[in-house]
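*Asks:* This is the structure, below, for whatever I ask next.
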Amino acid sequence: MEIWNTIMEQGVLATASEILRWFFMLVFASELIVDIIMKGIGIGAILGVISVAAIVFTYAERKVCAFMQVRIGPNRVGGRYGLLQSIADMLKLMSKEDIIPEGCDRVVWALAPMLLFVPSALIYAFFPFDKGAAFADVNVGVFLMLAISSQAVLPFLMSGYASNSKYAFIGGIRTVAQMLSYEAPMVFSLLGVVMLSGSMRMCDIVEAQSQQLWFILMQPIAFVVFVISATAETNRTPFDLVEDESEIVAGPFAEYSGMRWALFFLAEYANLLSVSILFLPGVVWFGLKVLAMVFVFMWFRWTFPRTRIDQMLAFSWKVLLPLALANVLFTGVGIYARQWM
Amino acid sequence: MKAYIDASLLAILKEKFPSAEYDSEATQPAVYVPAAEIVAVLSFLRDDERFAFARLENLTAVDYKTYFEMVYHLFNWTAGVWITVKVKLDHEQPMVASVTGVFPGAEFEEREVYDLMGVGFTGHPDLRRILLADDFEGHPLRKDYVQIMPPHVRRIEKGGR
Amino acid sequence: MPQTETYTLSMGPQHPSTHGVLQVRLDLDGETILKATPYMGYLHRGIEKLLESRTYVQGVPYTDRLDYVSSMNNNLGYCRAVEELAQIEVPERAEYIRVIVAELNRIASHLVFIGSLAIDLGASTGMLYAFRDREKVLDLFDLVCGARMTFHYIRVGGVSADLPPEFAAKCDEFLKVLPEFMQEYEDILTGNEIFQYRLKGTSRMTKEQALSHNMTGPNIRAVGIPFDIRKVDGYGVYPKLAFDVPVGENGDNWDRYRVRYLEIYESAKLVRQALDGLPEGDFMAKFPKALRPPKGEVYSRTEGTRGELGFYIVSDGGPKPYRVHIRRPSFINLQGLDDMCRGMLIGDSVAAFSAIDPLMGEVDC
Chain A
8 MEIWNTIMEQ GVLATASEIL RWFFMLVFAS ELIVDIIMKG IGIGAILGVI
58 SVAAIVFTYA ERKVCAFMQV RIGPNRVGGR YGLLQSIADM LKLMSKEDII
108 PEGCDRVVWA LAPMLLFVPS ALIYAFFPFD KGAAFADVNV GVFLMLAISS
158 QAVLPFLMSG YASNSKYAFI GGIRTVAQML SYEAPMVFSL LGVVMLSGSM
208 RMCDIVEAQS QQLWFILMQP IAFVVFVISA TAETNRTPFD LVEDESEIVA
258 GPFAEYSGMR WALFFLAEYA NLLSVSILFL PGVVWFGLKV LAMVFVFMWF
308 RWTFPRTRID QMLAFSWKVL LPLALANVLF TGVGIYARQW M
Chain B
868 MKAYIDASLL AILKEKFPSA EYDSEATQPA VYVPAAEIVA VLSFLRDDER
918 FAFARLENLT AVDYKTYFEM VYHLFNWTAG VWITVKVKLD HEQPMVASVT
968 GVFPGAEFEE REVYDLMGVG FTGHPDLRRI LLADDFEGHP LRKDYVQIMP
1018 PHVRRIEKGG R
Chain C
31 MPQTETYTLS MGPQHPSTHG VLQVRLDLDG ETILKATPYM GYLHRGIEKL
81 LESRTYVQGV PYTDRLDYVS SMNNNLGYCR AVEELAQIEV PERAEYIRVI
131 VAELNRIASH LVFIGSLAID LGASTGMLYA FRDREKVLDL FDLVCGARMT
181 FHYIRVGGVS ADLPPEFAAK CDEFLKVLPE FMQEYEDILT GNEIFQYRLK
231 GTSRMTKEQA LSHNMTGPNI RAVGIPFDIR KVDGYGVYPK LAFDVPVGEN
281 GDNWDRYRVR YLEIYESAKL VRQALDGLPE GDFMAKFPKA LRPPKGEVYS
331 RTEGTRGELG FYIVSDGGPK PYRVHIRRPS FINLQGLDDM CRGMLIGDSV
381 AAFSAIDPLM GEVDC
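From first to last, the protein sequence lines are chains A, B and C.
In terms of the numbering used here, the first sequence has 245 at position 238, counting the first letter as 1, and numbering is strictly consecutive.
In terms of the numbering used here, the second sequence has 968 at position 101, counting the first letter as 1, and numbering is strictly consecutive.
In terms of the numbering used here, the third sequence has 270 at position 240, counting the first letter as 1, and numbering is strictly consecutive.
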């Protein structure tokens, strides 16, 4: 009964880490060693979450898209529901030949997929998966997260430049234009949340939501702006101009194969998960809400056509940014009015 | 072809271009004009309001072993009548003026004739092979074209390789 | 001093949205297209030459391979040319059956157009829907002639077999569901804002441009010229059937989409009328097995799904044609590609390829 109360008070993950910490203290009896071990477990857990998410989302994406397209989807590997399809995909990707295009800039080319994975994984360090369960609960969490996620531009440009392919290069250039222009409305849409909770610490934001209304209800405009710019940030349809199979074949990924391509893939799904978590950080319904968000992104992807580059940039600067700024203004006025009352 | 151009109009054409020839006995006679006059004839047929053949529906060439024949099918949409204009070309060095100046839509068809039949066009804006590779030798639609075996096909002996 | 430089991007022949093996070289300034040059011939099989070495009747299956999405219309074009050359009178029942299958094939072909336009614009779900419904037409053809792709159903002198007894009911059923699935496209594609933004006002063409490039079919009707050979020539039993020719206004990609979309309804109307008015009688004319048309030549054209499909056949009185020339509509329509792409962005070029709707089997012949 006591444990149950602690769980309710602190959250499942925090309790689990407390128990682990207590256990390791018994074994090693040294704060430093236990700290290192705990951090190691944290990193492992985050990487585990990302890999599991990639596997689950690949399967989900296939199934969701299949159902939307009046198909059945994977139904051979692992029973009639094709549950092991993602595993089979992974094995296939790992056993594929690593083709290095002629005339590419070898070092930059090889570095790009790995570098892309770093910011996507690093963002998870600041996520409050549950009450008190954030790997690094820094007081400028939101800011750091945005700063790191914008680093994802560079690897795309690197792979575009280094692939020695015009398609890849156009894709790389497009990434820069797209991600930079969608960064701005995204930041401003998050600003409203920061203003409401009065803190940039992720755990405080979560805490604020459990006391007041959910921010999704208090900041609907910001939420919409965020979802749209998040779609652009994760390069998914209707803003998947970076990959864009029908125009520039696959953009920066065109020349990659096997595991290198799988890293791009992994980063894409890590990003998808992180943007889905971002606006709705955890209370009890954490998992469900994340899945709902992921489903929304998949829904977009399989029903919308793709925009054109000029339309997309115009939409960001002429529609989303003013909306986000107006939202900041109204939030500020609202907060002031509430204090005054 | 349903409705063909009236014989009286053909007479007018003959008056304008005395070198044009046609079989006045036939029901749907093709008008043969010399290669030098084809552009003038086609622009006359297009611009003169009695003819008003605004559409060049088809352009091709036929190899008659001793000579080539360019075939132009023109259509007057408002009146719904047709005319066939033909040009006989020398078999050794077939050359004719391009009609892309009169009918720009003939560009690809002339390139096709150049490619497959080997008829040269003077004044064509972009005369290159269109269907075959640039280094292809010969013109397959000519009657004297001999097909060569593909170079990489090896005959497999009986009883294994 | 920073300078921009133009560069060439080769789209195709291995490119997901060039509809087979079309290669287009784009001269680009950044993302803006300065010039688009199509290169074709990757699928050239020399059908014109092959037809010279086969008898007239043996030539029909080769035409299946021209525009393999609408084989019925190619069969029809070739057979009409041979019939005109050999002066074969086709029984009326065969003419009606020809209208039914040709118009059904037009529906199938336009569904492929809608699907490929959707996927070229990134809406892959739209494609699957269109292909699902095309399947229904193919099932009907399967019933009629046993084939789903290269039918060889329309023969010289008529059709290869009479319609099976259950065809009328099945076709009726298809015509009933047609408005339903068309409404689905309306919902998923036509009504979509992004889809409209991508198509409206792009690749605009004037009437003069379209006429000067000698474009035919839906491409010329999209600029507002009602040039439909079914109306202009009135071949077969088309004059007896009532149908409209939908035309566009602006000549942009949106109109090219709408014209084909509305043509599906018109084709359905034609099928319905032909099915109701189907007379009894023979389905095949009587003519000698070894067909030797008299010496002469013919240029005969029909409205293929992509425009004016013309066959020019020269006969020397022998059992084989002396020369066959095929006027392929997509081949000639491709001349307009440069005008459609100039000044547009890379994304529009893909929409432009799709909107011309070239089929490489036909272009390369």
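We put the CB at the ideal spot given by N, CA and C, even for glycine.
Note that this is a predicted model, so its numbers are computed, not measured.
When the Cα of Met41 (chain C) is compared with those of C:Leu321, C:His49, C:Gln53, which residue comes out closest?
*Replies:* The residue labelled residue 41 (chain C) in the question sits at position 11 within the third sequence. Out of C:Leu321, C:His49, C:Gln53, C:Gln53 has the C-alpha closest to the C-alpha of Met41 (chain C).
*Asks:* Just to confirm my understanding: we take Thr314 (chain C), look at its own chain, exclude 5 residues before and 5 after, and list those with CB closer than 6 Å. What are they?
*Replies:* Position 284 of the third sequence, counted from the start, is the residue given in the question as residue 314 (chain C). It should be pointed out that residue 314 (chain C) corresponds to Met in this sequence rather than to Thr. For Met314 (chain C), where only same-chain residues beyond five positions count, the Cβ hits under 6 Å are Gly187, Gly188.
*Asks:* Keeping to the same chain, check which residues put their C-beta closer than 8 Å to that of Val340 (chain A); ignore five residues upstream and five downstream.
*Replies:* What you label residue 340 (chain A) is simply residue 333 of the first sequence in a count that begins at 1. Taken in chain order, the list of residues that qualify is empty.
*Asks:* So what's Tyr899 (chain B) in DSSP terms, helix, strand or just coil?
*Replies:* Along the second sequence, one-based indexing puts residue 899 (chain B) at 32. Looking at Tyr899 (chain B) - three-state DSSP - the assignment turns out to be strand.
*Asks:* Exposed or buried, Gly179 (chain A), counting other C-beta atoms within 10 Å across all chains shown (16 or more means buried)?
*Replies:* Walking along the first sequence from the start, residue 179 (chain A) turns up at place 172. The residue is buried, with at least 16 neighbouring Cβ atoms inside 10 Å.
*Asks:* The region 150-162 of chain C: which residues have C-beta closer than 9 Å to a C-beta of chain A, in chain order?
*Replies:* Cβ contacts with chain A: Asp150, Leu151, Gly152, Ala153, Ser154, Thr155, Gly156, Met157, Leu158, Tyr159, Arg162.
*Asks:* Okay, do the region 59-79 of chain C and the region 142-156 of chain C touch, 3+ Cβ pairs below 8 Å being the bar?
*Replies:* Too few Cβ pairs lie closer than 8 Å, so no.
*Asks:* Under a three-way DSSP split, which group does His140 (chain C) fall into?
*Replies:* Position 110 of the third sequence, counting from 1, holds the residue named residue 140 (chain C). Helix, per DSSP.
*Asks:* Roughly how many angstroms lie between the CA atoms of Val393 (chain C) and Met193 (chain A), to the nearest whole one?
*Replies:* Here residue 393 (chain C) corresponds to residue number 363 of the third sequence, with the count starting at 1. Here residue 193 (chain A) corresponds to residue number 186 of the first sequence, with the count starting at 1. Roughly 48 Å between the two C-alpha positions.
*Asks:* Return no unless some Cβ of chain C is closer than 9 Å to the Cβ of Asp105 (chain A).
*Replies:* To locate residue 105 (chain A), count along the first sequence from 1; it is residue 98. Answer no: the Cβ-Cβ gap between Asp105 (chain A) and chain C never drops below 9 Å.
*Asks:* Can you give me the Cβ contacts of Glu133 (chain C) inside the same chain, cut-off strictly under 7 Å, excluding the 5 residues immediately before and after it?
*Replies:* Start at 1 with the first residue of the third sequence, and residue 133 (chain C) comes out as number 103. For Glu133 (chain C), where only same-chain residues beyond five positions count, the Cβ hits under 7 Å are Ser297, Leu300, Val301.
*Asks:* As an exercise, report each continuous alpha helix (DSSP H) stretch of at least 4 residues that is fully enclosed by the region 295-363 of chain C, in chain order.
*Replies:* Qualifying alpha helix (DSSP H) stretches, in chain order: 359-363.
*Asks:* Given a cut-off of 9 Å on the beta-carbon distance, is the pair Gly972 (chain B) and Ser242 (chain C) in contact?
*Replies:* Counting from 1 along the second sequence, the entry for residue 972 (chain B) is found at position 105. Counting from 1 along the third sequence, the entry for residue 242 (chain C) is found at position 212. Yes. Within cutoff.
*Asks:* Assign Pro324 (chain C) to one of two classes, buried (16 or more other C-beta atoms within 10 Å of its C-beta) or exposed (fewer than that).
*Replies:* Position 294 of the third sequence, counted from the start, is the residue given in the question as residue 324 (chain C). With fewer than 16 Cβ atoms within 10 Å of its Cβ, Pro324 (chain C) is classed as exposed.
*Asks:* Tell me where the alpha helix (DSSP H) around Lys881 (chain B) begins and ends.
*Replies:* Within the second sequence, the letter at position 14 stands for residue 881 (chain B). Element bounds for Lys881 (chain B): 874-883.
*Asks:* I want to know whether the region 339-354 of chain C touches the region 79-86 of chain C - three or more CB-CB distances under 8 Å.
*Replies:* Taking 8 Å as the limit for Cβ pairs, the verdict is that the region 79-86 of chain C does touch the region 339-354 of chain C.
*Asks:* So, at 6 Å on beta carbons, what are the nonlocal neighbours of Arg1028 (chain B) in its own chain, with the 5 sequence-adjacent residues on each side left out?
*Replies:* By 1-based counting over the second sequence, the position of residue 1028 (chain B) is 161. Low confidence applies here, because Arg1028 (chain B) scores a pLDDT of 48, under 50, leaving its location unreliable; read the following figure in that light. Excluding sequence neighbours, Arg1028 (chain B) sits near nothing in its chain.
*Asks:* Phe225 (chain C) touches chain A at which residues, Cβ-Cβ below 9 Å?
*Replies:* By 1-based counting over the third sequence, the position of residue 225 (chain C) is 195. Per Cβ cutoff of 9 Å: Phe311, Pro312.
*Asks:* Is there a Cβ of chain C sitting closer than 9 Å to that of Val326 (chain A), yes or no?
*Replies:* On the first sequence, residue 326 (chain A) is found 319 positions in, with the first residue counted as 1. So no, Val326 (chain A) is outside the interface.
*Asks:* Leu941 (chain B) lies in the beta strand (DSSP E); which residues open and close that run?
*Replies:* Reading the second sequence from its first residue, position 74 is the one you call residue 941 (chain B). Looking at the DSSP string, the run of the beta strand (DSSP E) that includes Leu941 (chain B) is 934-943.
*Asks:* Is the region 194-208 of chain C touching the region 108-119 of chain A in the sense that three or more CB pairs, one from each, lie closer than 8 Å?
*Replies:* Verdict: no, contact absent.
*Asks:* Quick one: grab the DSSP three-state call for Arg1028 (chain B).
*Replies:* Locating residue 1028 (chain B) in the second sequence gives position 161, counting from the first residue. Its pLDDT being 48, under 50, Arg1028 (chain B) is placed unreliably by the model, and nothing is read from it.
*Asks:* Are the region 53-73 of chain A and the region 263-280 of chain A in contact at 8 Å, needing three or more beta carbon pairs?
*Replies:* Result yes; three or more Cβ-Cβ pairs closer than 8 Å.
*Asks:* With 9 Å set as the bound, which would you pick, yes or no: does the beta-carbon of Lys46 (chain A) sit closer than that to a beta-carbon of chain C?
*Replies:* Translated into positions along the first sequence, residue 46 (chain A) becomes position 39. Answer no: the Cβ-Cβ gap between Lys46 (chain A) and chain C never drops below 9 Å.
*Asks:* Quick one: is Arg922 (chain B) near chain C, going by C-beta distance under 9 Å?
*Replies:* Sequence index remark: in the second sequence, residue 922 (chain B) carries index 55 (1-based). Closer than 9 Å: yes.
*Asks:* Can you find a CB in chain E that lies within less than 9 Å of the CB of Phe975 (chain B)?
*Replies:* Of the protein chains in the structure, A, B and C, none is chain E.
*Asks:* Answer yes or no: does any C-beta atom of chain B fall closer than 9 Å to that of Gln213 (chain C)?
*Replies:* Walking along the third sequence from the start, residue 213 (chain C) turns up at place 183. With 9 Å as the cut-off, Gln213 (chain C) does not count as an interface residue toward chain B.
*Asks:* Only counting runs of 4 or more residues, tell me where the alpha helix (DSSP H) segments fall wholly within the region 90-146 of chain C, in order along the chain.
*Replies:* Qualifying alpha helix (DSSP H) stretches, in chain order: 90-94, 101-116.
*Asks:* Tell me, please, whether the CB atom of Ile218 (chain C) is closer than 9 Å to any CB atom in chain A?
*Replies:* One-based indexing of the third sequence puts residue 218 (chain C) at position 188. Yes, its Cβ sits closer than 9 Å to a Cβ of chain A.
*Asks:* If you drop the 5 nearest sequence neighbours on each side, which residues of the same chain put their C-beta closer than 6 Å to that of Pro43 (chain C)?
*Replies:* By one-based count along the third sequence, residue 43 (chain C) stands at place 13. Contacts found: Val51, Gln53, Tyr72.
*Asks:* With a threshold of 9 Å between beta-carbons, can Pro245 (chain A) be considered close to chain C, or not?
*Replies:* Translated into positions along the first sequence, residue 245 (chain A) becomes position 238. Yes, because at least one Cβ of chain C sits closer than 9 Å to the Cβ of Pro245 (chain A).
*Asks:* Is Pro209 (chain C) buried or exposed, if buried means 16 or more other CB atoms sit within 10 Å of its CB?
*Replies:* On the third sequence, position 179 is the one that residue 209 (chain C) refers to. The residue is exposed, with fewer than 16 neighbouring Cβ atoms inside 10 Å.
*Asks:* In terms of alpha-carbon separation, which member of C:Pro46, C:Glu279, C:Tyr37 lies closest to Lys230 (chain C)?
*Replies:* Numbered from 1 along the third sequence, position 200 holds the residue referred to as residue 230 (chain C). Lys230 (chain C) has its Cα closest to that of C:Glu279, out of C:Pro46, C:Glu279, C:Tyr37.
*Asks:* How would you call Asp94 (chain C), buried or exposed, if buried means at least 16 neighbouring beta carbons within 10 angstroms?
*Replies:* The sequence position of residue 94 (chain C) within the third sequence is 64, counting from 1. Looking at its Cβ environment, which holds 16 or more other Cβ atoms inside 10 Å, Asp94 (chain C) is buried.
*Asks:* Could you list which residues in chain C have their beta carbon closer than 7 Å to that of Leu1008 (chain B), in chain order?
*Replies:* Your numbering for residue 1008 (chain B) matches position 141 in the second sequence. Here the neighbours are Glu78, Lys79.
*Asks:* What does Asp59 (chain C) pair with, by DSSP beta-bridge criteria?
*Replies:* Numbered from 1 along the third sequence, position 29 holds the residue referred to as residue 59 (chain C). BP columns for Asp59 (chain C) point to C:Thr62.
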